[in-house]
Ligand SMILES: [Zn+2]
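In my numbering, the protein residues as written are 236 to 474.
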């Protein structure tokens with residue numbers, strides 16, 4: 236079986252008070268170079284970015300078509316938004332909780348046209364720097380249920396947002412910032428998330444050489460297993 240068709244199931248058991256009511260699932264879709272992360276709970280599918288090279292429509296529809304779908308975007312880079320135009324066709328109950336931060340070209344803006352804003356309030360903690368120096372620096376960072384999703388946030392920004400999340404130390408799963416690029420995942424960040432059980436690189440190595448050797452080495456030194464969507468396919472975590 237080709238590596239990309241494998242589905243890896245990672246079960247994490249920790250004392251989460253709501254776990255008895257509903258099994259929460261986190262899926263990091265194998266989209267090639269890009270990011271699409273979905274957290275499923277009893278309210279619906281919460282999507283964090285919907286971009287990359289290969290859209291997993293069949294699998295996403297199977298999981299989320301009958302559920303409500305809430306979209307949160309980190310920033311405007313194509314590899315985080317490229318499937319947005321198709322969402323209206325594949326998922327009927329979809330709304331935007333957080334559009335990408337910052338300005339965008341009319342072509343990118345058109346992707347969000349026709350998607351309504353969610354009436355629901357944010358249920359997770361998020362942070363963004365309106366003064367970020369570039370598109371990556373503007374990335375919205377999300378922390379929810381032990382999962383840290385930094386988008387493409389840079390090491391410069393990490394210095395600020397490590398202080399913004401009260402529960403940062405309880406991080407169990409790290410979606411590597413900027414797909415594992417050396418411009419993210421500083422030691423200052425890793426020092427603050429000492430109980431991380433797994434780090435995920437959502438990337439295709441041959442495109443931009445993500446994850447970077449430096450990040451790999453720093454994870455290894457801390458004995459944090461690195462999971463690559465490129466090797467395992469869609470990654471499914473039972474929280
Ligand atoms: Zn990216």
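Note that the Cβ used here is the ideal one computed from N, Cα and C, for glycine as well.
Selected residue, minimal CA-CA separation from residue 418, among 389, 436, 431: Comparing Cα-Cα distances from residue 418 to each of 389, 436, 431, the minimum goes to 389.
State the DSSP-derived secondary structure class of residue 192, mapped to helix, strand or coil. What the structure shows of the chain is the stretch from 236 to 474, and residue 192 is not part of that stretch, so it cannot be assessed.
Name the residue from 261, 268, 460, 259 whose alpha carbon lies nearest to the alpha carbon of residue 413. The candidate whose alpha carbon is nearest that of residue 413 is 268.
Give me the Cα-Cα distance between residue 440 and residue 323, rounded to the nearest whole angstrom. In a straight line, the C-alpha of residue 440 is about 30 Å away from that of residue 323.
Going by CA-CA distance only, name the one from 281, 317, 448 that's closest to residue 416. Of the listed residues, the one whose Cα sits closest to residue 416 is 448.
Secondary structure of residue 366, DSSP reduced to three states: It is coil, neither helix nor strand.
For the beta strand (DSSP E) that contains residue 333, what are its first and last residues? Taken as a continuous stretch (DSSP letters only), the beta strand (DSSP E) holding residue 333 covers 329 to 333.
Option in 336, 344, 379 with minimal Cα separation from residue 363: Of 336, 344, 379, the residue nearest in Cα terms is 336.
Got a sec: does ligand 1 put a non-hydrogen atom nearer than 7 Å to the Cβ of residue 398? It does not: the Cβ of residue 398 is nowhere closer than 7 Å to a heavy atom of ligand 1.
From the DSSP output, in three-state form, read off residue 280 for me. Strand at residue 280.
Run through DSSP, which three-state label would residue 441 get? Helix.
Please report the straight-line C-alpha distance between residue 462 and residue 339, rounded to a whole angstrom. For residue 462 and residue 339, the distance between alpha carbons rounds to 32 Å.
Is any heavy atom in ligand 1 found nearer than 7 Å to the beta carbon of residue 417? No, ligand 1 has no heavy atom inside 7 Å of this Cβ.
Nearest-angstrom beta carbon gap, residue 287 and residue 305 [assumed within contact, 8 Å]: That pair is no contact at about 19 Å.
Can you give the Cα-Cα distance for residue 333 and residue 471, rounded to whole angstroms? Each residue's alpha carbon lies about 24 Å from the other.
Looking only at DSSP bridge pairs, what is residue 361 linked to? In the DSSP output, where bridge partners are listed per residue, residue 361 has 377.
Would you check whether ligand 2 has a heavy atom nearer than 7 Å to the C-beta of residue 447? For the structure depicted, ligand 2 is absent and the ligand set comprises only ligand 1.
Going by DSSP, which residues form a beta bridge with residue 371? Residue 371 pairs with nothing; no bridge assigned.
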